[in-house]
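Colleague: The structure under discussion is supplied below as structure tokens; questions concerning it will follow.
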Amino acid sequence: SDVYKRQFKDSMETIEFKRDFNDKVQSLAIHSISKDQIWIKSDKVVPIYKAINLDKETFDNYVGKYELETDFYIRIYSENSIFYSQLTNQDKIVIIPFEKNKFTLKGADKRITINTNEDLKVISLTLHEGSDHEAKKVE
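Residue numbers for the sequence shown follow our numbering, so the first one is 5 and each next one is one higher.
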């Protein structure tokens with residue numbers, strides 16, 4: 005297997021590519037002090053989402069702060085007609101609407117679904133990132 009090491013500030017991570025007998029990559033392992041992650045290569049086609057135009061009034065209903073965990077939030081907002089999501093202590097990421105209440109994160113295989121109750125009031129969002137993570141709207 006090929007091993008590539010990269011030093012990050014205050015930590016050490018090792019990235020390891022595991023290959024089969026034909027030298028084809030089968031998986032990727034990320035080893036860190038806190039935990040290891042194994043990613044198996046897939047032939048699954050990554051979906052392509054077609055952006056739609058979402059009116060400002062609809063998006064403004066989604067704007068707010070959503071709690072994923074205690075003291076860990078996703079903020080949804082816009083600047084200069086561009087939609088963003090931002091996790092606590094993370095950089096903002098452009099989000100692109102592909103359905104009225106669904107967004108894909110630019111440059112990432114992640115999606116956000118805005119959830120409403122029967123009165124169409126926004127109550128939460130779901131972050132689709134490997135598995136689903138619901139975040140209640142708190143502001």
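All C-beta atoms, glycine included, are put in the ideal place defined by N, C-alpha and C.
Is DSSP giving N93 helix, strand or coil here?
Modeller: DSSP places N93 in coil when its eight states are reduced to three.
Colleague: So, at 6 Å on beta carbons, what are the nonlocal neighbours of L91 in its own chain, with the 5 sequence-adjacent residues on each side left out?
Modeller: Here the set comprises I78.
Colleague: Is the beta carbon of F102 sitting closer than 8 Å to the one on Y53?
Modeller: Closer than 8 Å, so yes.
Colleague: Can you tell me the Cα-Cα spacing of K9 and K28, whole angstroms?
Modeller: For K9, the pLDDT reaches just 48, beneath the cut-off of 50, and the residue's location in the model is therefore unreliable, although a value from the coordinates is still provided. The alpha-carbon atoms of K9 and K28 are separated by roughly 20 Å.
Colleague: So, helix, strand or coil for D64, using DSSP?
Modeller: D64: helix per DSSP, three-state reduction.
Colleague: Alpha carbon to alpha carbon, how far is K114 from K132? Give it in angstroms, no decimals.
Modeller: According to the sequence displayed, residue 132 carries His and not Lys. Cα to Cα, the separation comes out at about 6 Å.
Colleague: Which runs of the beta strand (DSSP E) spanning at least 3 residues fall entirely within the stretch 25–76, listed in chain order?
Modeller: If we require 3 residues or more, the beta strand (DSSP E) runs fully inside the stretch 25–76 come out as 29–35, 40–44 and 68–73.
Colleague: What are the boundary residues of the beta strand (DSSP E) that V126 is part of?
Modeller: Start and end: V126 to E133.
Colleague: Reducing DSSP to helix, strand and coil, say where D136 ends up.
Modeller: Residue state, collapsed to three classes: strand.
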